[in-house]
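Count the sequence shown with the working numbering and you get residues 151 to 572, in order.
Here a beta-carbon is modelled for each residue, glycine too, at the ideal position from N, C-alpha and C.
In this text the structure is predicted, and so the values were computed from the model without any measurement.
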Amino acid sequence: MAEHSANGRPNIWYVHPYAGGPGVGRYSRPYYLARQWQQSGARATVFTPAFHHLLDTPQAAGTRQVSGVPYEFVPTRSYQGNGAGRLLHMAAFSLKIWLHAEKYARRHGRPDLVIASSPHPYIFLATHALARKFGAKSIFEVRDLWPLSLTELAGVSPRHPLVRFTGWVERYAHRNADTVVSLLPCTLEHMMATGMPSSHWRYIPNGVHTDESAPPASAEDQPCVSQARLWRESGRSVVVYAGALGRPNYVDSLVQAIAHLKDQGDTNVSAIIVGRGELQEELRTTIAHLGLTDRIALFEQMPKQTVLALLAHASVGYISLRKEPLFRFGVSPNKLFDYMLARLPVLFAVQAGNDPVQESACGVSVNPGDVAAIADGLRRLGSLSEAERRDMGERGHAYVLAHHSYEALARAYLDLATSKEP
Numbered sequence: 151m152a153e154h155s156a157n158g159r160p161n162i163w164y165v166h167p168y169a170g171g172p173g174v175g176r177y178s179r180p181y182y183l184a185r186q187w188q189q190s191g192a193r194a195t196v197f198t199p200a201f202h203h204l205l206d207t208p209q210a211a212g213t214r215q216v217s218g219v220p221y222e223f224v225p226t227r228s229y230q231g232n233g234a235g236r237l238l239h240m241a242a243f244s245l246k247i248w249l250h251a252e253k254y255a256r257r258h259g260r261p262d263l264v265i266a267s268s269p270h271p272y273i274f275l276a277t278h279a280l281a282r283k284f285g286a287k288s289i290f291e292v293r294d295l296w297p298l299s300l301t302e303l304a305g306v307s308p309r310h311p312l313v314r315f316t317g318w319v320e321r322y323a324h325r326n327a328d329t330v331v332s333l334l335p336c337t338l339e340h341m342m343a344t345g346m347p348s349s350h351w352r353y354i355p356n357g358v359h360t361d362e363s364a365p366p367a368s369a370e371d372q373p374c375v376s377q378a379r380l381w382r383e384s385g386r387s388v389v390v391y392a393g394a395l396g397r398p399n400y401v402d403s404l405v406q407a408i409a410h411l412k413d414q415g416d417t418n419v420s421a422i423i424v425g426r427g428e429l430q431e432e433l434r435t436t437i438a439h440l441g442l443t444d445r446i447a448l449f450e451q452m453p454k455q456t457v458l459a460l461l462a463h464a465s466v467g468y469i470s471l472r473k474e475p476l477f478r479f480g481v482s483p484n485k486l487f488d489y490m491l492a493r494l495p496v497l498f499a500v501q502a503g504n505d506p507v508q509e510s511a512c513g514v515s516v517n518p519g520d521v522a523a524i525a526d527g528l529r530r531l532g533s534l535s536e537a538e539r540r541d542m543g544e545r546g547h548a549y550v551l552a553h554h555s556y557e558a559l560a561r562a563y564l565d566l567a568t569s570k571e572p
């Protein structure tokens with residue numbers, strides 16, 4: 151491996167097919183890690199396509215600063231949906247990273263650590279070649295397990311050529327990366343079965359940014375925040391869900407649980423749902439059909455600062471995920487950590503290989519889709535005294551700071567950069 155850069159600071163290239171950040175897109179892990187590395191004295195650059203479907207707006211190709219963090223937007227064509235265009239986009243991004251490696255090294259310095267972050271694994275083929283070219287350490291960061299995500303979630307046949315190729319890439323990455331970083335806590339045995347030495351595995355989960363400035367005063371005037379404040383002042387327990395409104399998120403179970411409470415004469419619990427997704431209008435129709443418009447308010451996706459203001463007025467944070475065999479490897483949902491950071495008790499309607507809510511004793515865990523159990527959990531959390539609610543929230547807050555702050559996660563990566571071991 152190469153020694154560190156001339157000034158002694160490790161130089162990190164973080165290559166992410168769907169990176170976001172302030173004014174770029176919603177997936178902000180690359181930005182916050184890179185910023186934390188800079189604050190720790192390292193050099194860091196985020197590489198991402200100039201177009202991908204999670205950008206707020208397409209970006210101009212080239213280098214620019216994103217709130218103090220250098221980004222290299224690699225020129226790529228646009229695509230729609232999940233067809234051949236997206237596959238070609240993945241291949242083009244990987245190829246251009248490799249073909250322009252020398253140019254990027256002149257701009258950003260030769261790397262000591264090259265990280266391939268894998269919503270899909272194909273980018274590792276390019277980043278591993280880059281790492282070997284420059285004598286850097288090669289890191290494979292696994293957010294989603296492919297090809298299992300294709301076969302178990304999307305229902306693609308294991309014999310499909312794409313699945314077979316993806317399986318080969320996964321095995322190649324697990325066997326050849328200097329370190330495999332998993333965002334999921336229960337993947338070690340699976341990765342060992344595909345050829346990874348156990349000593350190469352590290353768990354560095356999703357994180358939370360802990361130094362957010364206080365929400366601006368204008369956030370208090372947003373309708374969702376005003377509604378939460380009004381309901382809390384009237385003595386209601388206000389449950390908040392803030393996130394995607396897709397089928398996997400199972401938010402309809404929250405609506406059905408509120409209806410169940412209504413049928414039992416319980417008027418104490420109300421819910422505010424903030425987000426967008428394929429089931430948004432279906433949820434709106436269901437809420438109206440069940441006569442719950444006085445108990446459930448549905449709002450469009452809001453900026454992060456507005457959500458933070460909303461959580462400050464909430465009683466409980468809600469998270470649910472539809473049962474999937476893939477969750478046996480664990481989950482690392484950002485919205486859960488946002489609730490914990492806001493010191494909210496949490497109702498966790500998720501069945502997975504891990505349970506951070508139970509581990510931290512910061513809420514109630516129930517089976518997803520069990521409407522009666524969800525309703526009972528809402529009732530139990532809603533009946534807590536203010537002191538009990540505060541203690542429960544503080545336990546979650548302490549847990550998320552200890553295990554999920556970007557400061558701690560970035561430090562774990564810097565340890566990999568400076569370690570003499572793989």
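Within 7 Å, strictly: CB atoms of residue 447 and residue 377:
yes
Please report the residue range of the alpha helix (DSSP H) in which residue 501 lies.
That residue, residue 501, is in no alpha helix (DSSP H); it is neither H nor E in DSSP.
Spatial neighbours of residue 565 within its chain, please: CB distance less than 7 Å, with the 5 preceding and 5 following residues excluded, ordered by chain position.
none
Would you check if there are 3 or more beta carbon pairs closer than 8 Å linking the segment 292-303 to the segment 334-345?
yes
Residues in its own chain within less than 7 Å of residue 451 by CB, not counting five upstream and five downstream?
424, 425 and 426
Strand pairing of residue 167, partner residues [DSSP]
DSSP lists no partner for residue 167.
Nearest to residue 351 by CA position, among 361, 338, 345 and 358, is which residue?
338
Selection from 168, 514, 285 and 478 that minimises the alpha carbon distance to residue 494:
514
Check whether the segment 549-559 and the segment 360-369 touch, using three or more Cβ-Cβ pairs below 8 Å as the test.
yes
According to DSSP, simplified to helix, strand and coil, what is residue 570?
coil
For residue 451, which three-state DSSP category applies?
coil
Contiguous alpha helix (DSSP H) assignments of at least 4 residues, all confined to the segment 480-550
484-491, 506-510 and 521-532
Compare the beta carbon distance of residue 159 and residue 185 with 7 Å and say whether it is the shorter of the two.
no
Kindly list the residues whose CB is nearer than 8 Å to the CB of residue 255, restricted to its own chain and excluding five residues on each side of it in sequence; keep chain order.
261 and 284
By how many angstroms is the C-alpha of residue 252 removed from the C-alpha of residue 474?
43 Å
Under the three-state DSSP convention, the category residue 330 falls into:
strand
Residue 235 - DSSP class collapsed to helix/strand/coil
helix
Between 480, 466 and 504, which lies nearest to residue 490 when the distance is taken from Cα to Cα?
466
Considering only residues of the same chain and omitting the five flanking positions on each side of residue 428, which have a CB-CB separation below 6 Å?
396
Delimiting residues of the beta strand (DSSP E) encompassing residue 405:
Here residue 405 belongs to no beta strand (DSSP E); instead the alpha helix (DSSP H) covers 402-413.
Figure out for me which residue from 258, 259 and 246 has the closest Cα to the Cα of residue 274.
246
Using 8 Å for Cβ pairs, my map puts residue 204 next to residue 164. What's the rounded Cβ distance?
Between residue 164 and residue 204 the Cβ distance is about 16 Å, and since that is not below 8 Å, they are no contact.
Can you check whether the CB of residue 382 is closer than 7 Å to the CB of residue 389?
no
Using three-state DSSP, classify residue 398 as helix, strand or coil.
helix
What three-state label does DSSP hand residue 354 in the structure shown?
coil
Pair within 7 Å by beta-carbon distance, residue 317 and residue 347:
no
Supposed close pair residue 226, residue 210 - CB separation, criterion 8 Å:
Rounded, the Cβ-Cβ distance is 12 Å, inconsistent with contact.
In terms of alpha-carbon separation, which member of 407, 276 and 213 lies closest to residue 249?
276
Alpha-carbon spacing of residue 328 relative to residue 238, whole angstroms:
28 Å
Which term fits residue 579, buried or exposed, when burial requires 16 or more other beta carbons within 10 angstroms of its beta carbon?
The chain is shown only over 151 to 572; residue 579 falls outside these bounds and no answer can be derived.
Compare the Cα-Cα distances from residue 479 to each of 408, 191 and 355 and report the closest residue.
355
If you follow the alpha helix (DSSP H) that residue 473 is part of, which residue opens it and which one closes it?
Note, residue 473: premise wrong, no alpha helix (DSSP H); not H, not E.
Residues in its own chain within less than 7 Å of residue 279 by CB, not counting five upstream and five downstream?
248
Say whether the segment 497-505 touches the segment 480-488, bearing in mind that this needs 3 or more beta-carbon pairs closer than 8 Å, one atom from each stretch.
yes
Considering only the alpha carbon of each residue, which of 270, 511, 459 and 472 lies closest to residue 492?
459
Would you grab the beta carbon distance between residue 408 and residue 392 for me? Rounded to a whole angstrom, and I think it's under 8 Å.
Not confirmed; about 16 Å, so no contact.
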